[in-house]
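Colleague: Chains as they are written, first to last, in the numbering used here: chain A, 1 to 125; chain B, 1001 to 1869.
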Amino acid sequence: MPQYYVYKTEDNESKTMKGNHLGEFEELVLLVVAALQGNAYAVSVKDEIEEKANRKANISAVHSTLYRLEDKGLLDSEIGGATNTRGGKSKRLFKITASGIKALQNAEELRATFRNVIPQLSGLK
Amino acid sequence: MSRQKEDISPPKWADHFLKLYCREEFLEEISGDVHELFEVRLGEMPPGRARRKFIWDVFRFLRWSNIKRTKRLNSNNIIMLRNYFKITRRNLLKDRGYSLLNIAGLYIGFVCMVLTVLYLSHELSFDKHLQRAEDTYRLLGVSNTTGGKGNESAAPWGPALKDQFPEIEDYTRIIGHGASVFQVDNNRFYENGGIIADASILKLFSVDLLQGDKASALLEPNQVVIKERLAKKYFGDDNPIGKVIRIDNEKLYTVTGVLADKQKPSHLTFDFIASFDSHDSWFKTDWFIRNYQTFFLLNSDAEASDVESKLTAFFKERFETPETPFDNHVELQQVSEIHLYDDTADQTPQIGKVRLVGVIGGFILIIALVNYVNLVTARSAKRFKEVGVRKSIGARRRQLQAQFLIENIIVCFSVFVITMASFNLFMPGFNSLMNSDLSFSLFGDVQLVGIMFLVTLLVSLASGFYPAFILSSLNPVNLIKNNAVGLGGKNYLRKSLTTLQFIISVALIIGTSLVYKQLQYMLNKDVGFDKEQVVVVPLGSSEVWRNKNVFAEQIRNFSEVKEVALTANQIGGGDWGMPFQYEGGERPLNVRFMSIDAAYGETLGLKLVEGRFFKEELKTDVESSFIVNEAFLQAVGWGSGIGKRIEMPTRDSENPWLPGKIVGVVKDFNFRSLHTQISPMVIANKVDWTSTLFIKLNPGSTDKVLTDLAEAWKATEPNIPFGYYFLDEKLAEQYVAETRLSKMATTFGAIAIVLACIGLFSLATYTAEQKMKEVSIRKVMGASLNQIWLLFSRQFMVIIIVSITIAIPISLYYLDGWLSEFAYRIEIWQNIQIPVLASLATVFVAMLTIAIQSIRLAKSNPVKFLRSE
């Protein structure tokens, strides 16, 4: 297990350097993880997306997105407690990192710059 | 509720499957996730659905990033498999040249095979799409004495036979519409591909309409169904249904249906169908004039042979009179057989050509496969050491066999994939060569891809067989010492395979050149008339036709026009058949018949044996003068024909025969293609019946005369466009099948020879490598380049001579059969130089190939090969 972490962190840095462009679904997942505040794991993220965004999300898509975000260094994770409903299997809990917050801010600012120059939208602000 | 939940668990196998593929570091949470979701869903939906969702989730997790890595699978088998791939690659790269030759040869073979299979499956698919293909027949009349088959019938037969015989479920009658002028608003064009047919044609031939109602489309008079192309041409994007077209400047037709441009392959092709009742011809109710084709749909339980004899009896009763016994019987020809096997009206069935393509395609594949096997076995001999080392380290026989087989499978399937991917590049060339309209799609032709797959598998197993089983059986010590006993040696297998290749190549060269020679002979043979510089103008039912004599006189005055003639019969198959009574004959003789004016003989440069041509100023010529050809004199057994009496049939029942005198005998000329002998012919001077202009131009005439002609036409007939063709071009079309065959044979022949040379080259290379020591010693002793070349070519000479000896008689035998189809043909024994030249060419190319190797051998430094012993 520790070995695995070492491998992961090395990977994190190299990937972050490549630039942290966020896909639409990635951004959504990132927001949800931040909003769930410590109780974010694949199933809860999926439920939250389905409830709030009112769209279908497949568990494996959520799962791989979570890992991709972790690879990009925007999320951090640890093994959480096992529950009965999971057939005694433990879960991986995700939380947002500082660079994750930064990425969300960047995305927000990018949108704002465009929003401000669109008359129909700038009124909304 | 909770008890119930515990009883229901997700499917065990899905759980196991997850464990099987999932990376260990992910397994814990993924399986936790899917289980949790399952539990939640149990509360929301029936357990069956939850289970299905569970399975679905498990499969959705099957992603590359989640799958176990092979590194974790510590298996010898897989490691060895990787090694085989590596070795294959290294071996291919080590001898790039050979690998390229090898793969290219196999590729050519594969491409040729796919083309062949595609072509064959297209040819075999004609009219197979008909909904009840096995019950649809064409009515044929067969002569009991000559065996000649006619496919034409009279219009009233169809309905009468349907009423009479309950076995006949439906019928359709078809007649060509001829060249027709379509007019919509001010747009006028000639449309050639039209037919007139009963409404049932749509049902019998399973023709579907894009627009319009299939059941009612052709029921009424003056209705027409057109192809999409025509609809676009005349109506643009408007809905064509209900629109009106004026055809041939008279009748108005309503469009009631639109056909797709691309119809399924059928012997019957058309651009438009006019309803049967739209045409009213004087022979439409005649029981004897046979201008239609009649197709029948029989009940599914009716026996065709049964119906045939019933119909024969019916016609016998109807037609037989004491003077003319009924000498025919009826045959029903299955519609799906027409395309390939039709031998009616003196046609040569297509099947011969189709078989030929199959055979040539097969030959090329054989040559390519032989090459591949030869190259693989030859090169495996260079790998004795590798095999020896593998064996001493502990490779088992089975493993070595697997290695060689896998190598071949890799190479063959790479070629398979390349072939499939690049195949469409060859389609345009092939289509123009075969005048076909084939297309290939990887996913559309699953059958074809399947066949290719099987062949690839077979080739890879067959070519891997030799190295796999022979090499693996040898003693490792011998192998490492490069002293393989029992290998190499005489190489009977390889030699006989190469011989086979050369037999095929030599036979193809001989065949190609003789086909070409015959074609040239036909195109250049003196046909008894002058076909150059003759413009043919069909008059149809135009104003010009009504004033044909005036018009002919008018253009005769053009400075570039030498002579103008009127005729009722276009040359090259437009002649009619008619019985003639003759002086001293008991029964009328069936002859070919033409009707011409006085200028015809001069225009076409016909030659007289005796007597004269018709004279315009002699009115008696029109009524009672005839010209016959030499074949006629021979048929009736006369030495001279001038003044003899012959009688022509009329439609007048009181005077059924019109007597006349022969005024001239014309030298035999080929009024039909050279596929048929010249038959007895009678020529009459019935100018009224003529409908075509033959215009002979002076030498050196330019295209300007054509514009002048068109203008003269327009002055007389402004409503119908001027249509014409050149006689020599039209006649050349008769030999288009031979032209195509010749082109195809040349192309395929060239491919075969290139492949055979690749094979020879590889064999030569192999032998060279084996003889390195011998040659080196000879060189040290002072042998010259020539001596080495001789030593080297000796064994190949044997192969080539044996191939030639076998190939010449076989190919000449089959070509003699092919040539016998032609009434006018070259004699094989007069063209004996062709096989001789073909053989010499083969020997030359082969020697050249070997020379390349021997020079390399002779120039090498002997020390290199003698050093290590």
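Note that CB positions come from ideal geometry on N, CA and C, so glycine has one too.
Given a limit of 8 Å on CB to CB distance, which residues of the region 1028 to 1042 of chain B reach chain A?
Modeller: So the list reads E1028, E1029, I1030, S1031, G1032, D1033, V1034, H1035, E1036, L1037, E1039 and V1040, given in the order they occur along the chain.
Colleague: Report all residues from its chain with a CB closer than 8 Å to the CB of T1765 of chain B; omit the five preceding and five following residues, and keep chain order.
Modeller: Taking the first residue of the second sequence as position 1, residue 1765 of chain B is located at position 765. Only Y1098, A1378 and Q1853 meet the Cβ criterion.
Colleague: I need the boundaries of the beta strand (DSSP E) containing R1645 of chain B, first residue and last residue.
Modeller: Residue mapping note: residue 1645 of chain B aligns to position 645 of the second sequence, counting from 1. First-last of the beta strand (DSSP E) with R1645 of chain B: R1645 to P1649.
Colleague: Using CA coordinates, which residue listed in B:S1742, B:P1718, B:E1738 and B:D1057 is at the minimum distance from N1186 of chain B?
Modeller: Residue 1186 of chain B sits at position 186 when you count from the first residue of the second sequence. It is B:P1718.
Colleague: Tell me which residue opens and which closes the alpha helix (DSSP H) that P1835 of chain B is part of.
Modeller: On the second sequence, position 835 is the one that residue 1835 of chain B refers to. That run of the alpha helix (DSSP H) goes Q1833 to K1859.
Colleague: Using a Cβ cut-off of 8 Å (strictly closer), state whether V32 of chain A contacts chain B.
Modeller: If you number the first sequence from 1, residue 32 of chain A lands on position 32. By this cut-off, V32 of chain A is not an interface position.
Colleague: Do T1603 of chain B and F1694 of chain B have their beta-carbon atoms positioned less than 8 Å apart in this structure?
Modeller: Locating residue 1694 of chain B in the second sequence gives position 694, where the first residue counts as 1. Locating residue 1603 of chain B in the second sequence gives position 603, where the first residue counts as 1. Yes, the Cβ-Cβ distance between F1694 of chain B and T1603 of chain B is below 8 Å.
Colleague: Using 8 Å as the threshold, is the region 1018 to 1031 of chain B in touch with the region 23 to 31 of chain A, meaning 3 or more CB pairs across them?
Modeller: No, because fewer than three Cβ pairs between the region 1018 to 1031 of chain B and the region 23 to 31 of chain A fall closer than 8 Å, the two stretches do not touch.
Colleague: Tell me whether T1603 of chain B sits in a helix, a strand or coil according to DSSP, three-state version.
Modeller: Within the second sequence, the letter at position 603 stands for residue 1603 of chain B. T1603 of chain B falls in the helix class under three-state DSSP.
Colleague: Below 6 Å CB to CB, which residues in the same chain sit around D1261 of chain B once its five sequence neighbours on both sides are set aside?
Modeller: Along the second sequence, one-based indexing puts residue 1261 of chain B at 261. The residues are K1227, E1228 and R1229.
Colleague: Whose C-beta lies closer than 8 Å to the C-beta of F1440 of chain B among residues of the same chain, with five residues either side of it excluded?
Modeller: As a first step, residue 1440 of chain B must be located in the second sequence, where it is residue number 440. Around F1440 of chain B: V1114, L1118, F1423, N1424, M1427 and L1448.
Colleague: Is it buried or exposed, F1205 of chain B, if we count other Cβ atoms within 10 angstroms and call 16 or more buried?
Modeller: Position 205 of the second sequence, counted from the start, is the residue given in the question as residue 1205 of chain B. Buried.
Colleague: Which residue comes first and which comes last in the alpha helix (DSSP H) that contains Y1021 of chain B?
Modeller: Position 21 of the second sequence, counted from the start, is the residue given in the question as residue 1021 of chain B. Note, Y1021 of chain B: alpha helix (DSSP H), K1012 to Y1021.
Colleague: Name the DSSP bridge partner or partners of A1274 of chain B?
Modeller: As a first step, residue 1274 of chain B must be located in the second sequence, where it is residue number 274. According to DSSP, A1274 of chain B bridges with B:I1196 and B:V1224.
Colleague: Identify whether G1573 of chain B lies in helix, strand or coil by the three-state DSSP scheme.
Modeller: Along the second sequence, one-based indexing puts residue 1573 of chain B at 573. DSSP places G1573 of chain B in coil when its eight states are reduced to three.
Colleague: In terms of residues, what are the limits of the alpha helix (DSSP H) holding G1817 of chain B?
Modeller: Here residue 1817 of chain B is taken as the residue at index 817 of the second sequence, counted from 1. Element bounds for G1817 of chain B: L1785 to L1819.
Colleague: Taking F1061 of chain B as the query, report the chain A residues whose CB atoms sit under 8 Å from its CB, ordered along the chain.
Modeller: Walking along the second sequence from the start, residue 1061 of chain B turns up at place 61. What F1061 of chain B touches in chain A: I59, S60 and H63.
Colleague: Does the Cβ-Cβ distance between E1616 of chain B and G1664 of chain B come in under 8 Å?
Modeller: Here the question's residue 1616 of chain B lines up with position 616 in the second sequence. Here the question's residue 1664 of chain B lines up with position 664 in the second sequence. Contact flag unset, no.
Colleague: Could you please give me the residues that DSSP links to I1728 of chain B through a beta bridge?
Modeller: Residue 1728 of chain B sits at position 728 when you count from the first residue of the second sequence. The residue you asked about is not Ile; residue 1728 of chain B is Asp in the sequence shown. Beta-bridge pairing links D1728 of chain B to no other residue.
Colleague: Could you work out which residue in B:V1184, B:G1212 and B:G1605 is closest to N1249 of chain B when comparing CA atoms only?
Modeller: For the purposes of this step, residue 1249 of chain B is taken as the residue at position 249 of the second sequence. Of the candidates B:V1184, B:G1212 and B:G1605, the one whose C-alpha sits nearest the C-alpha of N1249 of chain B is B:V1184.
Colleague: Name the residues in the region 1449 to 1480 of chain B whose C-beta lies less than 7 Å from a C-beta of chain A; which are they?
Modeller: The region 1449 to 1480 of chain B vs chain A, Cβ under 7 Å: nothing.
Colleague: In this structure, how does DSSP classify E1152 of chain B when only helix, strand and coil are distinguished?
Modeller: Counted from its first residue, the second sequence places residue 1152 of chain B at position 152. Here E1152 of chain B sits in coil by DSSP.
Colleague: Are the beta-carbon atoms belonging to L1219 of chain B and A1199 of chain B less than 8 Å from one another?
Modeller: Working through the second sequence from its first residue, we reach residue 1219 of chain B at position 219. Working through the second sequence from its first residue, we reach residue 1199 of chain B at position 199. Yes, these two residues count as a Cβ contact at 8 Å.
Colleague: For a test of the three-state rule: what should DSSP assign to I118 of chain A, helix, strand or coil?
Modeller: Locating residue 118 of chain A in the first sequence gives position 118, where the first residue counts as 1. I118 of chain A falls in the coil class under three-state DSSP.
Colleague: From the DSSP output, read off the bridge partner residues of R1592 of chain B.
Modeller: Residue 1592 of chain B sits at position 592 when you count from the first residue of the second sequence. DSSP, once it has assigned bridges, lists B:G1577 and B:M1681 as partnering R1592 of chain B.
Colleague: Output the residue ranges of the alpha helix (DSSP H) runs that lie fully inside the region 1318 to 1378 of chain B and measure 4 residues or longer, sorted by chain position.
Modeller: Within the region 1318 to 1378 of chain B, the complete alpha helix (DSSP H) runs of at least 4 residues are 1335 to 1341.
Colleague: Using a Cβ distance threshold of 8 Å, determine whether the region 1403 to 1418 of chain B contacts the region 1782 to 1802 of chain B, with at least three qualifying pairs required.
Modeller: No, because fewer than three Cβ pairs between the region 1403 to 1418 of chain B and the region 1782 to 1802 of chain B fall closer than 8 Å, the two stretches do not touch.
Colleague: Are there 16 or more other CB atoms within 10 angstroms of the CB of Y1903 of chain B, so buried, or fewer, so exposed?
Modeller: Outside the displayed range of chain B (1001 to 1869) lies residue 1903 of chain B, so it cannot be described from this structure.
Colleague: What does the alpha-carbon distance come out to for the pair P1476 of chain B and A1838 of chain B?
Modeller: Here the question's residue 1476 of chain B lines up with position 476 in the second sequence. Here the question's residue 1838 of chain B lines up with position 838 in the second sequence. The straight-line gap from Cα to Cα measures roughly 47 Å.
Colleague: Buried or exposed: which applies to E109 of chain A, given that a residue is buried once 16 or more other Cβ atoms fall within 10 Å of its Cβ?
Modeller: As a working note, residue 109 of chain A is residue 109 in the first sequence. It is exposed - the Cβ of E109 of chain A has fewer than 16 other Cβ atoms within 10 Å.
Colleague: Check whether the Cβ of R86 of chain A lies closer than 8 Å to any Cβ atom in chain B.
Modeller: On the first sequence, residue 86 of chain A is found 86 positions in, with the first residue counted as 1. Interface residue, yes.
Colleague: Scan the region 91 to 114 of chain A for residues whose Cβ lies nearer than 8 Å to a Cβ of chain B and list them as they occur along the chain.
Modeller: Here the close residues are K91 and R92.
Colleague: Can you find the residues in the same chain that come closer than 7 Å, C-beta to C-beta, to P1014 of chain B, ignoring five residues on each side of it along the sequence?
Modeller: Position 14 of the second sequence, counting from 1, holds the residue named residue 1014 of chain B. A small fix is needed here, since residue 1014 of chain B is Ala in this sequence, not Pro. Same-chain partners within the cutoff: F1054, I1055 and V1058.
Colleague: Got a sec: which bits of the region 42 to 56 of chain A sit with their beta carbon under 9 Å from any beta carbon on chain B, in order along the chain?
Modeller: Listed by position, the residues of the region 42 to 56 of chain A near chain B (Cβ gap below 9 Å) are A42, V43, K46 and D47.
Colleague: Quick one, which of B:S1436, B:I1810, B:G1141 and B:L1458 has its alpha-carbon nearest T1312 of chain B's?
Modeller: Here residue 1312 of chain B refers to the residue found at position 312 of the second sequence. That would be B:G1141, whose Cα lies nearest to the Cα of T1312 of chain B.
Colleague: If I follow the unbroken alpha helix (DSSP H) through A35 of chain A, where does it start and stop?
Modeller: Along the first sequence, read from residue 1 onward, the residue named residue 35 of chain A stands at position 35. E24 to L36 is the extent of the alpha helix (DSSP H) around A35 of chain A.
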